[in-house]
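In this note's numbering, each residue carries its 1-based index in the sequence shown increased by 22.
Using N, Cα and C, we set each Cβ at its ideal position, and we do this for glycine too.
Remember, predicted model here, so these are calculated numbers, not experimental data.
Structure, as structure tokens:
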Amino acid sequence: MKRTATKQQKEALTYFGKYAGDWDRKARTTKQSEVNVIAERNDFVLKVVSERKRVRSALDVGCGTGDLVRALAKEGVRAVGVDFAKEMIETATEHAKSERLPLARFEQASIFDYTAPAGAFDSISANGFIEYISYAELERFLSLASEWLFPGGSLVLGSRNRLFNLFSLNAFTEEELKGGNAPMLLAEALAIARAKSIADISDVGTVPLQKEGTKHTGTGIGVATRYQFTPVQLITILRKHGFEAMELFPIHIHGAPPSFKEAYPEAHGTIANLLQNYAGETMSLLPQSSSFMIHAKKK
Ligand SMILES: C[S@@+](CC[C@H](N)C(=O)[O-])C[C@H]1O[C@@H](n2cnc3c(N)ncnc32)[C@H](O)[C@@H]1O
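See the structure below:
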């Protein structure tokens with residue numbers, strides 16, 4: 023039976039239905055002066071998959087226009103993309119057809135209505151997805167992912183980075199100061215900047231999750247609630263569902279606050295793209311990134 027969608031999910035469906043054409047163009051930008059967050063996230067998933075012994079099947083949740091699914095299919099992986107926006111799935115399917123990729127398959131469905139056999143996938147990814155679901159839906163999604171993954175399988179999630187609120191020096195920073203969360207966020211950022219590996223931060227404390235169902239500061243799009251997480255928050259939630267966090271990876275590293283990006287977009291793009299080359303070298307870049315990836319394995 024289909025579940026009743028929340029206001030947040032209804033807004034996301036409307037927004038992404040309208041936005042498929044723009045998303046398709048955004049996914050392809052190669053300009054040095056622009057930051058291609060979609061490609062940065064996809065590259066991380068492809069790196070995780072290439073480092074595994076064998077990946078025969080992969081699921082990409084909230085696949086958008088399907089660039090990651092097609093890239094996986096080109097690597098010989100049987101890849102499924104699920105997205106609830108009809109326009110996204112239509113664009114993804116057209117591209118896969120014109121590129122003659124029989125290993126890429128797309129399905130229009132909410133992930134909460136999708137079904138798959140237990141252990142069906144070696145890898146599950148969800149880039150830019152968890153910000154559009156409630157905490158109860160996140161718990162449900164992680165239970166489903168755990169069921170659908172083969173033991174030892176990889177779950178890769180992209181998330182907006184709440185630690186970046188410390189360094190964005192804008193309304194997000196003000197909100198954390200007012201809520202009394204800044205010292206704890208700073209302590210987490212400091213621990214991450216000093217960490218040699220993810221094991222060094224797994225027991226670090228963190229702030230409470232953002233309030234549910236509220237209109238969030240400057241989401242920038244037609245969806246009023248768009249969650250942010252800190253790395254330690256996600257490590258903790260994943261652990262509860264039987265996942266062990268293996269790696270964190272910064273996405274869209276800012277050399278300066280977003281006000282600089284608004285004033286000097288080209289300089290911002292050049293600096294961010296340069297910094298991205300060092301993303302896998304040091305965890306110290308994580309607090310400065312507006313999003314991050316987390317790779318966890320099903321125990
Ligand atoms: C920010 S876009 C990311 C698209 C793609 N993963 C990428 O990185 O380019 C989020 C996508 O999640 C989809 N989405 C949101 N909630 C969903 C749900 N419950 N089931 C399936 N797709 C969903 C939206 O339609 C949208 O295409």
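Could you round the C-beta distance between D144 and V83 to whole angstroms and report it? I think they count as a contact, below 8 Å.
No, D144 and V83 are not in contact; Cβ-Cβ is about 15 Å, not under 8 Å.
For G103, which beta-bridge partners are listed by DSSP?
D82, F128
By Cβ distance below 6 Å, which residues in the same chain neighbour I155 in space, the five residues on each side in sequence not counted?
none
Using only the alpha-carbon positions, how far apart do A126 and P230 sit?
39 Å
Going by DSSP, name the residue or residues bridged to I293.
Paired residue(s): none; I293 is not in a bridge.
Report, in whole angstroms, the separation of the C-beta atoms of L296 and P272, which I expect to be a contact under 8 Å.
At roughly 13 Å, the Cβ-Cβ gap does not stay under 8 Å, so L296 and P272 are not in contact.
Given 8 Å as the limit, is there contact between the segment 171-185 and the segment 132-151, that is, 3 or more CB pairs closer than that?
yes
Please indicate yes or no: does the CB of F314 lie closer than 6 Å to some heavy atom of ligand 1?
Relative to ligand 1, the beta carbon of F314 is positioned no closer than 6 Å to any heavy atom.
Helix, strand or coil for H263? Go by DSSP, reduced to three states.
coil
Could you give the first and the last residue of the continuous beta strand (DSSP E) run that contains H317?
Taken as a continuous stretch (DSSP letters only), the beta strand (DSSP E) holding H317 covers 311-320.
Look up R50 in the DSSP assignment and say whether it is helix, strand or coil.
Looking at R50 - three-state DSSP - the assignment turns out to be helix.
Return the first residue and the last residue of the beta strand (DSSP E) that A215 is part of.
Per DSSP, A215 belongs to no beta strand (DSSP E); it is in the alpha helix (DSSP H), 204-216.
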